[in-house]
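As structure tokens, the structure follows; a few thoughts come after it.
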Amino acid sequence: MDKDFASDIQAIQKIDAIPSILEVVCRTTGMGFAAVARVTEDRWIACAVKDDIAFGLKPGGELKVETTICNEIRQSGQAVVIDHVAEDQAFCRHAAPALYGFQSYISMPIVRSDGSFFGTLCAIDPRPVVLNTPQTTGMFRLFADLIAFHLDTVDRLATSETTLVGANQEAELREQFIAVLGHDLRNPLASIQAGTELLTKRLRDVPARETLRLMQSSVWRMSALIDDVLDFARGRLGEGIDLNRRDTALAPVLSQVVAELQVTAPDRRIDCDFALDRPVWCDPGRLAQLLSNLLANAVTHGHAATPISVRARCNEETFELVVANAGDPIPAATVERLFQPFFRGDSRSSRQGLGLGLYIASEIARAHGGTLNATSSPTATTFTLRLPNRRGI
Amino acid sequence: MARAADNFSDTDALHVLVVEDEPFLRAATVLYLEDCGFSVLDAANADEAVGLLQRNRDVGAVFSDIQMPGSMNGLGLARWITETLPGVKVLLTSGQVLPATAREWTLLAKPYDMAEVERRLREMTAQD
Chain A
92 MDKDFASDIQ
102 AIQKIDAIPS
112 ILEVVCRTTG
122 MGFAAVARVT
132 EDRWIACAVK
142 DDIAFGLKPG
152 GELKVETTIC
162 NEIRQSGQAV
172 VIDHVAEDQA
182 FCRHAAPALY
192 GFQSYISMPI
202 VRSDGSFFGT
212 LCAIDPRPVV
222 LNTPQTTGMF
232 RLFADLIAFH
242 LDTVDRLATS
252 ETTLVGANQE
262 AELREQFIAV
272 LGHDLRNPLA
282 SIQAGTELLT
292 KRLRDVPARE
302 TLRLMQSSVW
312 RMSALIDDVL
322 DFARGRLGEG
332 IDLNRRDTAL
342 APVLSQVVAE
352 LQVTAPDRRI
362 DCDFALDRPV
372 WCDPGRLAQL
382 LSNLLANAVT
392 HGHAATPISV
402 RARCNEETFE
412 LVVANAGDPI
422 PAATVERLFQ
432 PFFRGDSRSS
442 RQGLGLGLYI
452 ASEIARAHGG
462 TLNATSSPTA
472 TTFTLRLPNR
482 RGI
Chain B
247 MARAADNFSD
257 TDALHVLVVE
267 DEPFLRAATV
277 LYLEDCGFSV
287 LDAANADEAV
297 GLLQRNRDVG
307 AVFSDIQMPG
317 SMNGLGLARW
327 ITETLPGVKV
337 LLTSGQVLPA
347 TAREWTLLAK
357 PYDMAEVERR
367 LREMTAQD
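Protein chains in written order, with this note's numbering: chain A, 92 to 484; chain B, 247 to 374.
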């Protein structure tokens, strides 16, 4: 038997109501054999069977389609009901009753919602039975429709399961890609870093040591770029940036970020105003990264002579972080594009970086269920982060 | 690239085993740690590391990569060491986001600062 019919039999077997339907059909009519059959142009295959008359068919069993009345039902789309073959003008000379030894026969087409013919719900018995009543034909019609409806449901379920498996495999592949990328990019960088440190330890030549120092700063810059690209890949291709949230005393975390930035920009003044009287429900590492990106942006684009201000507030509902710098106002159209990946405002300046800092900052805000907004006026450019400060969000 | 000897030459120094499959990174790390005064053995994978640890009972700390070929990775090696040689300290490194199962051990992200590796190894082995 070819594969398609195996799946048809399986689909019918998956419908829990089928044995009850066949039971009810036999009991109410008094007939000894009932079946759900898959009927095609050239095959008649039993998918489910109730056999009290030792007819001898089991699920998967096959009859020659041309010897059955079901084949005519497939062509006409109409039910066939015979109370008593011997007295039925249309069927008394038909080959099927003689071949299979029945006197009563009823068969109802099972038609899918797309109009395609699946097969029949049929019953036979060696004795005559009064079947041609609205109650009996109505019951068969109802059951045939019910089977068609269930088949559609089984199909829809299978389709959505396949889609789900596909989505899972895709997600797995993405994570694998990100993992391999991380490993293969960072390993050679680790080699260069270890090598330059070794040489720095052994070399006394001052210009050579300065070259090694510059190589090391390139390694760290490259490493930061790889981190950014992987975060971008996770945000864009993967499940988004993953968080490890906990109740955090955030002021020391923010102060640490400011102190680190101050090392690379010692001549810039950064005014901090942190009023955080309670823990913040967040991923501290990610919030540090977010502030670091905002500060790097303020250092690059802000007026050097004016301080950058960092302000943090929280209550039991919200955490708010505001980073502001004085600088040339950003046109409204540009403000809208600031959080797009790979956006670099002024291409004339020789800035380092991929233009992912603000995008990643906004992704971190999004992962926390919060928002990151930018406004720009002649007096200041301001970035405002707002996060819900409640567990379970 | 020359590989370190199969046994430690200096008996007084702190004995460290470096496990890393990337040859150049392994060599540079070994030389740097030797310059720091450690006595260093090295292995290219976890299986090799297990063999060396079984023959050299004076290893005080293992600095191992996580993602390596062989019958087990660095996490498997760390688990084996914790169960079999509980006195040996483990410092792990990886180029990937570190799995939650690794949180049991101290971890350094790649690329690592060699001075930081030295500091961690001294700290860990000084705890006893």
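In this text, a Cβ means the ideal position worked out from N, Cα and C, and glycines have one as well.
Values in this document were obtained by computation on a predicted structure and should not be read as measured data.
With distance defined between alpha-carbon atoms, name the residue in the options nearest to residue i.
i	options	result
F365(A)	V414(A), E301(A) and I317(A)	V414(A)
T352(B)	L271(B), S310(B), V276(B) and V265(B)	S310(B)
V176(A)	R165(A), N162(A), C161(A) and G192(A)	G192(A)
Q313(B)	V305(B), A361(B), R303(B) and A324(B)	A324(B)
V262(B)	G341(B), T339(B) and D304(B)	D304(B)
A186(A)	S207(A), S167(A), G206(A) and C161(A)	C161(A)
H459(A)	F124(A), R481(A) and T473(A)	R481(A)
F197(A)	D368(A), G229(A) and R203(A)	Note that residue 197(A) is Ile in the sequence shown, not Phe. The option with the nearest alpha carbon to I197(A) is G229(A).
N319(B)	Q300(B), A289(B), N302(B) and A372(B)	A289(B)
T302(A)	R359(A), T287(A), I106(A) and I332(A)	T287(A)
I399(A)	F474(A), D322(A), F124(A) and V271(A)	F474(A)
T470(A)	I421(A), E411(A) and M313(A)	I421(A)
L321(B)	A295(B), A372(B), R301(B) and L277(B)	A295(B)
A403(A)	I112(A), T397(A), L378(A) and A262(A)	L378(A)
I100(A)	C138(A), T119(A) and Q226(A)	C138(A)
G461(A)	Q431(A), L412(A), E427(A) and G418(A)	L412(A)
K356(B)	K292(A), D275(A) and D362(A)	D275(A)
L478(A)	S453(A), S467(A), A145(A) and A281(A)	S453(A)
Mark residue i as exposed unless 16 or more other C-beta atoms lie within 10 angstroms of its C-beta, in which case mark it buried.
i	result
N259(A)	exposed
A126(A)	buried
W311(A)	exposed
A248(B)	With a pLDDT of 44 at A248(B), under the threshold of 50, the modelled position of this residue cannot be trusted, and the question is left open.
V297(A)	exposed
N406(A)	exposed
A465(A)	buried
H394(A)	exposed
F433(A)	exposed
P110(A)	exposed
K149(A)	exposed
L260(B)	buried
W135(A)	buried
G273(A)	buried
V363(B)	buried
F284(B)	buried
V286(B)	buried
R496(A)	Beyond the ends of chain A as shown, which are 92 and 484, falls residue 496(A); an answer cannot be given.
D258(B)	exposed
K141(A)	buried
S80(A)	No statement about residue 80(A) is possible, as the shown extent of chain A runs from 92 to 484 and does not include it.
G341(B)	buried
D205(A)	exposed
C117(A)	buried
T253(A)	exposed
R349(B)	exposed
T119(A)	exposed
G326(A)	buried
P188(A)	buried
D358(A)	exposed
Please report the Cβ distance between residue i and residue j, rounded to the nearest whole angstrom; I am assuming they are in contact, meaning their Cβ atoms lie under 8 Å.
i	j	result
A292(B)	K335(B)	In fact, because the Cβ distance is near 16 Å, the residues do not count as touching under 8 Å.
A170(A)	P200(A)	6 Å
V115(A)	T211(A)	Their Cβ separation, rounded to whole angstroms, is 17 Å, which puts V115(A) and T211(A) out of contact at 8 Å.
S195(A)	R218(A)	7 Å
D318(A)	L445(A)	In fact, because the Cβ distance is near 11 Å, the residues do not count as touching under 8 Å.
L52(A)	L463(A)	Because residue 52(A) is not part of the residues shown, which for chain A are 92 to 484, the question remains open.
L248(A)	F209(A)	The pair is not a contact, with the Cβ atoms about 17 Å apart (cut-off 8 Å).
F234(A)	I112(A)	5 Å
(request) Please specify which runs of the alpha helix (DSSP H), each continuous and at least 4 residues long, are wholly inside the region 300-373 of chain B, giving them in chain order. (result) 320-330 and 360-372
(message) My parser needs the beta strand (DSSP E) runs of 3 or more residues fully inside the region 285-325 of chain A; what are they?
(response) none
(request) Any chance you could list the beta strand (DSSP E) runs of at least 3 consecutive residues sitting entirely within the region 113-187 of chain A, in chain order? (result) 124-130, 135-142 and 171-173
(request) Taking only beta carbons into account, state which residues of the region 257-279 of chain B come closer than 8 Å to chain A, listed in chain order. (result) E268, F270, L271, A274, T275, L277 and Y278
(request) Return the chain-ordered ranges of every beta strand (DSSP E) run that is complete within the region 266-296 of chain B and spans a minimum of 3 residues. (result) 285-289
(message) Please identify, using Cβ separations under 8 Å, the residues of the region 303-325 of chain B that lie next to chain A, in order along the chain.
(response) Q313
(request) Can you give me, in chain order, the residues of the region 360-374 of chain B that have a beta carbon less than 9 Å from any beta carbon in chain A? (result) M360, A361 and V363
(request) For the region 297-328 of chain A, enumerate the residues whose C-beta is nearer than 7 Å to any C-beta of chain B, in chain order. (result) V310 and S314
(message) Any C-beta of chain B within less than 7 Å: which residues of the region 277-290 of chain A qualify?
(response) R277, N278, L280, A281, S282, Q284, A285, G286, E288 and L289
(message) Going residue by residue through the region 337-420 of chain A, where are the continuous alpha helix (DSSP H) segments of at least 4 residues, counting only ones entirely within it?
(response) 341-355 and 375-392
(request) List in chain order: all unbroken alpha helix (DSSP H) runs of 4+ residues lying wholly within the region 442-471 of chain A. (result) 448-458
(message) At a CB distance below 9 Å, what residues from the region 280-293 of chain B approach chain A? Give them in sequence order.
(response) D281 and C282
(request) Scan the region 261-273 of chain A for residues whose Cβ lies nearer than 7 Å to a Cβ of chain B and list them as they occur along the chain. (result) A270 and G273
(request) Could you please tell me which residues of the region 128-155 of chain A, in chain order, have their CB closer than 9 Å to any CB of chain B? (result) none
(message) Please give me, in chain order, every unbroken run of the beta strand (DSSP E) with length at least 3 that falls completely inside the region 183-250 of chain A.
(response) 195-202 and 208-216
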